[in-house]
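Q: Take this structure first; my questions come after.
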Amino acid sequence: MDDLEQLEVLSLVSKVTSEINNYMGVSDKTIAEYVIAEHAQTKSTAEFCEKATNEFDFPRSLAESIDRLIRTLHPKYQGAGADDAAGLEDAEKKQEKTKKFTGLSLPDQVPSFEPEDEKENDMDDTFALLESMAGPPKGTARKRSMSPIERGDKERSSKRHRRSRSRSPRRSENDEYLFQDEFGRTRSHRPSDREDRESRRRGRKSRRDSYDRPPEPEQDDEPVPFKIYDGRVTGVKDFGVFVNLHGVKGKVDGLVHVSAMADYKVNHPSDLVARDQHVKVKVMKVQDKRISLSMAEVDQATGQDLNAARRMQSATGANAIGMNGGAPSIGSGVPVIEGSGAGKKQRKRLTSPERWEIRQLIASGVIKAADYPDLDEEHDAALNGEPIEEEEDVDIEVKEDEPPFLAGQTKQSLELSPIRVIKAPDGSMNRAAMQGDVLAKERRDLRQQEAQDKASKEASKTDLNQEWNDPMAGERRFASDLRQQASAQKSIEMPEWKKIATGKGDMGKKTSLSIEEQRRSLPAYKMRKQFLDAVNDYNLLIVVGDTGSGKTTQLTQYLAEAGYGDNGIVGCTQPRRVAAMSVAGRVSEEVGCRLGEEVGYTIRFEDKTNENTKIKYMTDGIMQREILLDPELSKYSVIMLDEAHERTIATDVLFGLLKKTLKRRPDMKLIVTSATLDAEKFSTYFNECPILTIPGRTFPVEIMYSREPESDYLDAALTTVMQIHLTEPPGDILLFLTGKEEIDTSCEVLFERMKALGPAVPELIVLPIYGALPSEIASRIFEPAPSGSRKVVIATNIAETSITIDGIYFVVDPGFVKQTAYDAKLGMDRLQVTPISQAQAKQRAGRAGRTGPGKCFRLYTESAFQNEMLPTTIPEIQRQNLANTILMLKAMGINDLLGFDFMDPPPTNTMLTALEELFALGALDDEGLLTRLGRRMADFPMEPALAKSLIMSVELGCADEMLSIVAMISAVQSVFHRPKDKQQQADQKKARFHDSAGDHLTLLNVYNGWRGAGRSDPWCFENFIQPRNMRRAEDVRKQLVQILDRHRLRIVSCGRDTTRVRQALCSGFFRNSARKDPQEGYKTLVEGTPVYMHPSSALFGKAAEHVIYHSLVETTREYMHNVTAIEPKWLVEAAPTFFKVAGKDGMGMSKRKRAERIKPLHNKFAGEDDWRLSAQRRQGRGGGGTWG
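Residue numbers for the sequence shown follow the numbering used here, so the first one is 743 and each next one is one higher.
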């Protein structure tokens, strides 16, 4: 035993002595040494504890404590022994955790992947009926559920309706019976109980007979705009005819002007109609009891609407006239079924002061009387005792009930601490990250002010040569005219980075080598034989190689060339869609085939493969879904998990799933590649598999730190870039920033600074690169700069490992990254700027040493690197919302989440929150098992809330509209284009699509307008909409339609009744709900977090009391993104397990109202009705009084 080990033993003796003294009151080192010696004779913790309690009379807790000390500190247990001790301790902790969190350790199930057929559903229904007739069960067996799962609010309405197998919806063919009434409207008929009893009492031959006869049509209280009615001509005049409308209560007449009688010129109305003739008319306008009708827009034989587009545009509320906006169902064959609520608006009873105030405003001319047509009618109706349909004032709050399978395990019962994403919250780097948001806002405001000043100066002298930027500047123009004019116009001064971004810049030649020579020059080529030998000998292999060594493009080709693509596909996963597409394109070029043939790719909503594909690139999310459909991956011979060091959620889940697959398929090969040196961890996880290292082309990099912390890292970064350009030898620069806004700002600032220096300074070409940039623009960064100039690439963390840029000699690293982290208060992920990890800093520095010796300028201190950065990046699975991941695992039959083989297990509280969310969505039942609705949700490649909204829209009869909305949200970040020099015009165009109900219906207006305009690009340019994104959204929509068809879900349009669309959104996004705060902005209903309406929202400045939002975007404050106004009672209907109506069930008033209640001061000497002051202080009120 050496000196160091002796010191460790002495330290252990001292600690054991202290422990024995604490318990037994005896401080003797000899006893401690004897106990340690006796411990060495035992083989397990249990044996030592039994010996200590029986022979030494030690308490059990003391024996366990001494055992833990010895196994931790004794040199004998260091190394392999320590691993065994740690493994034993981990097993004990895991067992204790399993007992504590039973909801996370349910037994796994073997999923069935057969499609649902009607016979199986019918059998489920039959068994469920038999069980319900048999009375309560005598044993503990679970019952089959009697409640259909499509409606979340009915799914758990009764405790006796617990489910083991959900029964199919009790929907007969008669329930889907459609008929066309005499007004030309398509209606669905569902028989009522009374009709059923009458039909049985009369002894009808068949129940179907009662459905074949349409019921008496409803009569409207007043004419509905753009609705078609039957009518009778009551008078013929020179200027038109008067028509009495059928189907409206009372005697209602309207006028058909002579110009609206036919689509051609009519000399006199009597040429077409005569008195008492029956006609079909369409209500065009209702104003001040005057009704304008049209016969020209109605087919007089069939009653069909010949101009349905006008009807649909009025429904969504957009100012769509002149935009060629089409209706959702025109020419698409989608039936339109409008409810009785179509076109109706709820009326709210006005108080006398409100009515008086409105009259005063009308008299002063501030508002128009036309805006309040019901002001006097409502008052008269109240005096006459007529009922007024009022808005229901519902105050709702979150239920505090825990899901039955999580009783005592959620944050309401346990105190669970979240994982720390930032090592030093009070450190200089985190302060700089938070300060950066404020500085970004100041710069943004300053640029906007400068742009406004410039626009006002140049308003009088408009340069017509600049019109190419805005097709709608001045009069309307078309693309063909603009192209003809562009050739005659002189070239306009333009930043070089913008020239390159638009494909007009000149770059140097990339390389003169042939493709084969390029392949041979890569480091991977030298390891080809060793790689293939290792794959042949082992089923599992870890490959380590720097970015640019050829791992991604070459290894798959080597495998295909060696014959692994003959008996199956060689699959390669990528963490990003852009990487999967670009790599597949490059490999197809090297192989010499068309993309989609021998080499293809599959990403979400896009599949470019066929039956001949041998090499297939895909995102890791796609591979997850393939395992869901085929757990054995029978189509694949080799799976390569590329860029595994990025540790995305999907990659981490794939680790565990593919380990299971390998046990079932010993013939399959699994290769895991990483660009970092943490391969030992991967090898240990994958059963100590071998590691193959591809030597990279690395050169020494000189690293320089800042002397003092930088308060404004963006300004420091741009200053450093200019200093490098002016003082350092030739070589390109790589600058890392956090996002698109910072990159665009930097491009502008650098261009202005270079312009100010004049032509004497060498040219600096500025090239941006971030995820949202189109691939044809992003590819310009790989081309060398022309001789005599230098390029600076400004990139997000995508340039750390995913891409390799040759010619980089200088790296500027501010030390920040924008990453998502789960916020327990908001109950969702939020994007925030955080310091990078030490591993990321090393990766960034390594970028400067690929071509030759380089330099890395770190804009933070060496102390910050050592003390304020985490050693490695926290994996996504430990810092993001896991609802979608757990839903996928449940669909695969994996219910034991604690027992799943994660490389780094996610935090317990994150998994519990995800299970609560899925339970509230109706995806899990009372026992924590997947419902049929949950299984259906798992088939949609999107977040669970969106999937639930889409599925519920089928039942609510608005699937056609919801498909368009979901496609627009899922496909792209935004379809609107807002160029910096034309922001005002772009905002005006966007406002034409705004819907008074919110942003989701605004997106629907855009999609309908684009489709109605024939999907034309000029229409997109005219309205500042990105045509590429619109086409992407349409592709996504087509794939979603296929999924609905596969589930046999019927697609129906709701027409003008867009209330149903908002109710469907409520069913999925009820957690993302907020109430207007009396002081400022909104507060979320779940946690009461302050959030705000974004200025770009259609609801900005509108009085929407309750809203739901799709996501939160954090800049200077928490802004809601994609907001829609709702009624609060819809939340209770959509999620009865999550929300409740406050004040019911004897609860009195809600917590919010109890907190806002005025608390009078008690005065025992005053009378009961005497004046009392409030004890509540109002926020923002000065002084120290107690006035309320």
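The beta carbon of each residue, even a glycine, is placed where N, CA and C say it ideally should be.
Starting from Q1029, trace the alpha helix (DSSP H) in both directions and tell me its first and last residue.
A: Unbroken run through Q1029 is the beta strand (DSSP E), H1020 to Q1029; no alpha helix (DSSP H).
Q: According to the neighbour-count rule (16 or more other Cβ atoms, all chains shown, within 10 Å of its Cβ), is P801 buried or exposed?
A: Flag for P801 reads exposed.
Q: Hey, A1541 and R1589: beta-carbon distance below 9 Å or not?
A: Result yes, Cβ atoms of A1541 and R1589 sit closer than 9 Å.
Q: Using a Cβ-Cβ cutoff of less than 6 Å, which residues in the same chain neighbour R1720 once the five nearest sequence positions on both sides are dropped?
A: Contacts found: A1728.
Q: Counting along the chain, where does the beta strand (DSSP E) carrying H999 start and finish?
A: Looking at the DSSP string, the run of the beta strand (DSSP E) that includes H999 is D995 to H999.
Q: CB-CB under 8 Å to Q748, same chain, minus the five flanking residues each way: which ones, in chain order?
A: Within the same chain, Q748 has no close Cβ partners at all.
Q: Please state the DSSP three-state secondary structure of T1934.
A: With the chain represented from 743 up to 1930, any question about residue 1934 goes unanswered, as that position is not in the structure.
Q: Classify F981 as buried or exposed, calling it buried when 16 or more other Cβ atoms lie within 10 Å of its own Cβ.
A: That one is exposed.
Q: How many Å lie between L871 and G1797 at the Cα?
A: With a pLDDT of 41 at L871, under the threshold of 50, the modelled position of this residue cannot be trusted; read the value that follows with caution. Distance between the alpha carbons of L871 and G1797: 37 Å.
Q: Roughly how many whole angstroms lie between the Cα atoms of K793 and L804?
A: Going by the C-alpha atoms only, they are around 12 Å apart.
Q: Suppose you measure from the CA of R1592 to the CA of P1442; what does that come to, to the nearest Å?
A: Spanning the two alpha carbons is a distance of roughly 9 Å.
Q: How many Å lie between I1311 and K1358 at the Cα?
A: Each residue's Cα considered, the two are about 7 Å apart.
Q: So, with DSSP's three-state summary, where would you put C791?
A: Here C791 sits in helix by DSSP.
Q: According to DSSP, F1478 sits in a beta bridge with which residue or residues?
A: For F1478, which the question treats as bridged, DSSP gives the partners A1537.
Q: Let me confirm a value: L1282 is counted as buried when at least 16 other C-beta atoms fall within 10 Å, else exposed. Which label applies?
A: Buried: at least 16 other Cβ atoms inside 10 Å.
Q: Figure out for me which residue from I1850, R1790, L1841 and A1806 has the closest Cα to the Cα of A1816.
A: It is I1850.
Q: What separation, rounded to the nearest whole angstrom, lies between the Cα atoms of H1836 and Q1296?
A: Computed Cα separation, rounded: 47 Å.
Q: Which partner residues of Y1378 appear in the DSSP bridge assignment?
A: BP columns for Y1378 point to I1311.
Q: Assuming Q1482 contacts Y1512 under a Cβ cut-off of 8 Å, what Cβ separation, rounded to an integer in Å, is found between them?
A: The question names Gln, yet the displayed sequence has Lys at residue 1482. Their Cβ separation, rounded to whole angstroms, is 5 Å, which keeps K1482 and Y1512 in contact under 8 Å.
Q: How many angstroms separate the CA atom of D1394 from the CA atom of Y1427?
A: The alpha-carbon atoms of D1394 and Y1427 are separated by roughly 11 Å.
Q: Considering just the uninterrupted stretch of the beta strand (DSSP E) at F984, what are its terminal residues?
A: Start and end: G982 to L987.
Q: Taking I1104 as part of the alpha helix (DSSP H), name the residues at either end of that continuous run.
A: Element bounds for I1104: S1094 to S1106.
Q: Buried or exposed for R1788, going by 16 or more other Cβ atoms inside 10 Å?
A: So R1788 ends up on the exposed side.
Q: To the nearest whole angstrom, what separates the beta carbons of V994 and L987, a pair I think is in contact under 8 Å?
A: 5 Å between Cβ atoms; contact.
Q: Does the stretch 1655 to 1669 touch the stretch 1614 to 1629, meaning 3 or more C-beta pairs lie closer than 8 Å?
A: Judged by Cβ distances under 8 Å, the stretch 1614 to 1629 makes contact with the stretch 1655 to 1669, as three or more pairs qualify.
Q: Assign H1020 to one of two classes, buried (16 or more other C-beta atoms within 10 Å of its C-beta) or exposed (fewer than that).
A: By the neighbour-count rule (16 or more Cβ atoms within 10 Å), H1020 is not buried but exposed.
Q: Is the stretch 1766 to 1775 in contact with the stretch 1796 to 1811, if contact means three or more CB pairs nearer than 8 Å?
A: No, the stretch 1766 to 1775 does not touch the stretch 1796 to 1811.
Q: How far does the alpha helix (DSSP H) with A1702 in it extend, from its first residue to its last?
A: The sequence shown places Asp at residue 1702, rather than the Ala named in the question. That run of the alpha helix (DSSP H) goes A1701 to A1713.
Q: Can you tell me whether Q961 is buried or exposed, with buried defined as 16 or more other CB within 10 angstroms of its CB?
A: Its Cβ having fewer than 16 others within 10 Å, Q961 is exposed.
Q: Which term fits E1099, buried or exposed, when burial requires 16 or more other beta carbons within 10 angstroms of its beta carbon?
A: Answer is exposed; the Cβ neighbour count stays below 16.
Q: Quick check on DSSP: helix, strand or coil for G1823?
A: Residue state, collapsed to three classes: coil.
Q: Three-state secondary structure (DSSP) at P718?
A: Nothing about residue 718 can be reported from this structure: the residues present for the chain run from 743 to 1930 only.
Q: With DSSP as the reference, please indicate the residues paired to V1855 in a beta bridge.
A: DSSP output for V1855 lists Y1861 as bridge partner(s).
Q: Out of curiosity, what's the CA-to-CA distance linking K757 and N796?
A: One C-alpha to the other measures close to 22 Å.
Q: Quick one, which of G1549, G1530, F1552 and T1538 has its alpha-carbon nearest Q1561's?
A: Among G1549, G1530, F1552 and T1538, the Cα nearest to that of Q1561 is on T1538.
Q: Quick check on DSSP: helix, strand or coil for D1279?
A: Reduced to three states, the DSSP call for D1279 is helix.
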